[in-house]
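A short worksheet on the structure shown next.
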Amino acid sequence: MNTEILPKCPQCGLPLPANAPAGLCPRCLMALNLKTETVFTDDTPAAQPPLPPEQIAPHFPQLEILECLGRGGMGVVYKARQKTLNRLVALKLLAPERVGDVKFAERFTREAQALLIPPKCSKTGRCVVSLASFCRSFSSFPPRPWTRMTWWAMR
Amino acid sequence: MSRLTSSSEAPRIFPPTRWSLVLAATRQEAPESAAALEAICRAYWYPLYAYVRRCGQPAHDAQDLTQEFFCRLLEKRWLAAADREKGKLRSFLIVALKNFMSKEWRRASAQRRGGAQAPVPLDTTFAESQYATDNSALAPEETFDRQWALTLLNLTVERLRAEFAAAGKPGDFDALKGCLLAARGSVDYALLAAKLGVNAGAARVAAHRLRKRFREIYREEISQTLADGADVEGELRHLAAALARQ
Numbered sequence: 024m025n026t027e028i029l030p031k032c033p034q035c036g037l038p039l040p041a042n043a044p045a046g047l048c049p050r051c052l053m054a055l056n057l058k059t060e061t062v063f064t065d066d067t068p069a070a071q072p073p074l075p076p077e078q079i080a081p082h083f084p085q086l087e088i089l090e091c092l093g094r095g096g097m098g099v100v101y102k103a104r105q106k107t108l109n110r111l112v113a114l115k116l117l118a119p120e121r122v123g124d125v126k127f128a129e130r131f132t133r134e135a136q137a138l139l140i141p142p143k144c145s146k147t148g149r150c151v152v153s154l155a156s157f158c159r160s161f162s163s164f165p166p167r168p169w170t171r172m173t174w175w176a177m178r
Numbered sequence: 330m331s332r333l334t335s336s337s338e339a340p341r342i343f344p345p346t347r348w349s350l351v352l353a354a355t356r357q358e359a360p361e362s363a364a365a366l367e368a369i370c371r372a373y374w375y376p377l378y379a380y381v382r383r384c385g386q387p388a389h390d391a392q393d394l395t396q397e398f399f400c401r402l403l404e405k406r407w408l409a410a411a412d413r414e415k416g417k418l419r420s421f422l423i424v425a426l427k428n429f430m431s432k433e434w435r436r437a438s439a440q441r442r443g444g445a446q447a448p449v450p451l452d453t454t455f456a457e458s459q460y461a462t463d464n465s466a467l468a469p470e471e472t473f474d475r476q477w478a479l480t481l482l483n484l485t486v487e488r489l490r491a492e493f494a495a496a497g498k499p500g501d502f503d504a505l506k507g508c509l510l511a512a513r514g515s516v517d518y519a520l521l522a523a524k525l526g527v528n529a530g531a532a533r534v535a536a537h538r539l540r541k542r543f544r545e546i547y548r549e550e551i552s553q554t555l556a557d558g559a560d561v562e563g564e565l566r567h568l569a570a571a572l573a574r575q
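Line by line, the protein sequences are chains D and V. Residues 24 to 178, numbered by our numbering, are exactly what the first sequence covers, in order. Residues 330 to 575, numbered by our numbering, are exactly what the second sequence covers, in order.
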């Protein structure tokens, strides 16, 4: 056997075999295969400041984006005017730092679906106007590919 | 392109695995089975070589033996027995190799001295240099399973690298590959973002996608070695345990 000292994995400290994939520790790689999450808790990103309305506007030509109302743990909400019906609406976008979080994206989708049923104005003044077309347009939005949004009226 | 399709999209129709194509060839004439068998020889021969060496065969004999084994395998002599090995290519190959070593090797080597067959093109020099660095004290079968797991990891990483190259971003894979290691909170996303030429948020997304894709491909590679519908997660756990042994 070769007694030459092999390089060690910086993560686990064990020697790397000669056929380590791309020079990466195979045990640590395999550990990734066994995990249930690919977004790690410690990786949860810090909240990023919301984009100003003028940067959002080009991606939503149907709306006049008026102002950013605020942001929560999940998303950012903008006040906007729906041009065709001349009414105020709210536009909610998944927070950019949450794009990579699959569970978050799923929660966001469920929230959007819940708001779509029933599709009419309620006494509390919220109603859903549209969702699907904006999901498509926004998913290709460079350079911040947010994945989900909902939109409801605020009158 | 189907391999690039996200698992979140419409249900996929899985093509037959490489191993199930070979199994099908034992029952009927299947033109794609020869290509599948050759692909198997190309991809998975090193674990068998390492097994033979760990059994105590000197390098030269191990090279001859592995070559000869694959010659016989390509003749499909033993494929009728494959169904008995629980539908796993890994199990089939190691059982077939053991049988070959105990019964047929001497006779086959005598025939070979008569000079009958063309060798399977295996890079045995490279294999031996790789084996020489293996300082573990594992039993032959443990060595085989460990090298099998490593082979699948290498196939996975090379596919990932090829996908980045096909997307015109070969350098991004080298910048991102460190994110595949599973330590929490250890990735410097600001540095990574600078390497990739994007902002920190996009770097996090890229790292997450790479991890996710890595896991998808590794499972696909495992499934290629199993009969259709076999337990991929069970095989994954077996290989993880094999890799953990020292």
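For each residue, glycine too, the CB sits at the ideal point set by N, CA and C. Here the structure is a predicted model, which is why all the values come from computation and not from measurement.
is_contact[residue i, chain D] using C-beta, thresh 8 Å
{"i": "R574 of chain V", "result": "no"}
{"i": "F493 of chain V", "result": "no"}
{"i": "K506 of chain V", "result": "yes"}
{"i": "T473 of chain V", "result": "One point to set straight first is that residue 473 of chain V is Phe, not Thr, in the sequence displayed. No - not a single Cβ of chain D is within 8 Å of the one on F473 of chain V."}
{"i": "G444 of chain V", "result": "Because G444 of chain V sits at a pLDDT of 49, beneath the cut-off of 50, its placement in the model cannot be relied upon, and the following sentence gives the value as read from the coordinates. For G444 of chain V, the answer is no, since every Cβ of chain D falls outside 8 Å of its Cβ."}
{"i": "D452 of chain V", "result": "no"}
{"i": "L510 of chain V", "result": "yes"}
{"i": "Q553 of chain V", "result": "no"}
{"i": "T346 of chain V", "result": "no"}
{"i": "R544 of chain V", "result": "yes"}
{"i": "A468 of chain V", "result": "no"}
{"i": "D560 of chain V", "result": "no"}
{"i": "L482 of chain V", "result": "yes"}
{"i": "L521 of chain V", "result": "no"}
{"i": "R540 of chain V", "result": "yes"}
{"i": "R490 of chain V", "result": "yes"}
{"i": "D517 of chain V", "result": "no"}
{"i": "D390 of chain V", "result": "no"}
Sequence-distant residues of its chain with Cβ nearer than 7 Å to residue i (five each side left out)
{"i": "R50 of chain D", "result": "C35 and L37"}
{"i": "R490 of chain V", "result": "F502"}
{"i": "Q553 of chain V", "result": "T346, R347 and W348"}
{"i": "A43 of chain D", "result": "P49"}
{"i": "P469 of chain V", "result": "Y380, R383 and C384"}
{"i": "A155 of chain D", "result": "For A155 of chain D, the pLDDT reaches just 31, beneath the cut-off of 50, and the residue's location in the model is therefore unreliable, although a value from the coordinates is still provided. So no residue of the chain qualifies."}
Residue i at chain B interface by Cβ criterion, 8 Å
{"i": "D501 of chain V", "result": "Of the protein chains in the structure, D and V, none is chain B."}
Any chain V beta carbon closer than 8 Å to residue i
{"i": "A41 of chain D", "result": "yes"}
{"i": "G93 of chain D", "result": "no"}
{"i": "Q34 of chain D", "result": "yes"}
{"i": "R50 of chain D", "result": "yes"}
{"i": "P30 of chain D", "result": "no"}
{"i": "L116 of chain D", "result": "no"}
Interface partners of residue i on chain V, CB under 7 Å
{"i": "P75 of chain D", "result": "Chain V residues near P75 of chain D: none, gap ~16 Å exceeds 7 Å."}
Same chain, Cβ closer than 6 Å to residue i, neighbours up to 5 away in sequence not counted
{"i": "A571 of chain V", "result": "D474, R475 and A478"}
{"i": "L108 of chain D", "result": "none"}
{"i": "R382 of chain V", "result": "A391 and Y460"}
Closer than 7 Å at the beta carbon, the chain D residues around residue i
{"i": "Y547 of chain V", "result": "N56"}
Within chain V, the residues that residue i reaches when beta carbons sit closer than 8 Å
{"i": "R130 of chain D", "result": "Under the 8 Å cutoff, chain V gives no residues; its nearest Cβ is about 14 Å from R130 of chain D."}
{"i": "P9 of chain D", "result": "Outside the modelled stretch of chain D, which goes from 24 to 178, sits residue 9 of chain D, for which no answer is possible."}
Inter-residue CB distance, residue i and residue j (contact presumed, cutoff 8 Å)
{"i": "T480 of chain V", "j": "A372 of chain V", "result": "7 Å"}
{"i": "L555 of chain V", "j": "E564 of chain V", "result": "6 Å"}
{"i": "R55 of chain D", "j": "L484 of chain V", "result": "It is Leu, not Arg, that sits at residue 55 of chain D in the sequence shown. Rounded, the Cβ-Cβ distance is 16 Å, inconsistent with contact."}
Within chain D, partners of residue i - CB distance below 9 Å
{"i": "A569 of chain V", "result": "R50, M53, A54, N56 and L57"}
{"i": "V486 of chain V", "result": "P44, A45, L47 and L52"}
{"i": "R382 of chain V", "result": "Result: empty, since nearest Cβ-Cβ is about 11 Å, beyond 9 Å."}
Under 9 Å from the C-beta of residue i: neighbouring residues of chain V
{"i": "P81 of chain D", "result": "Simply none; closest approach about 19 Å."}
Proximal residues of chain D, C-beta to C-beta of residue i below 8 Å
{"i": "Q459 of chain V", "result": "A41 and N42"}
{"i": "T395 of chain V", "result": "Those do not exist, as T395 of chain V stays about 16 Å from chain D at its closest Cβ, beyond 8 Å."}
{"i": "A478 of chain V", "result": "P49 and M53"}
{"i": "R419 of chain V", "result": "Under the 8 Å cutoff, chain D gives no residues; its nearest Cβ is about 16 Å from R419 of chain V."}
{"i": "L565 of chain V", "result": "N56 and L57"}
{"i": "D557 of chain V", "result": "None at all; the shortest Cβ gap to chain D is about 21 Å."}
Residue(s) in a DSSP beta bridge with residue i
{"i": "Y101 of chain D", "result": "D:C91 and D:L114"}
{"i": "P40 of chain D", "result": "In DSSP, P40 of chain D forms no bridge with anything."}
{"i": "K417 of chain V", "result": "V:L555"}
Contacting residues, own chain, Cβ-Cβ under 8 Å from residue i (five flanking each side not counted)
{"i": "G443 of chain V", "result": "Residue placement at G443 of chain V is poorly supported in this model, since its pLDDT is 49, which falls under 50; the coordinates are not used for a value here."}
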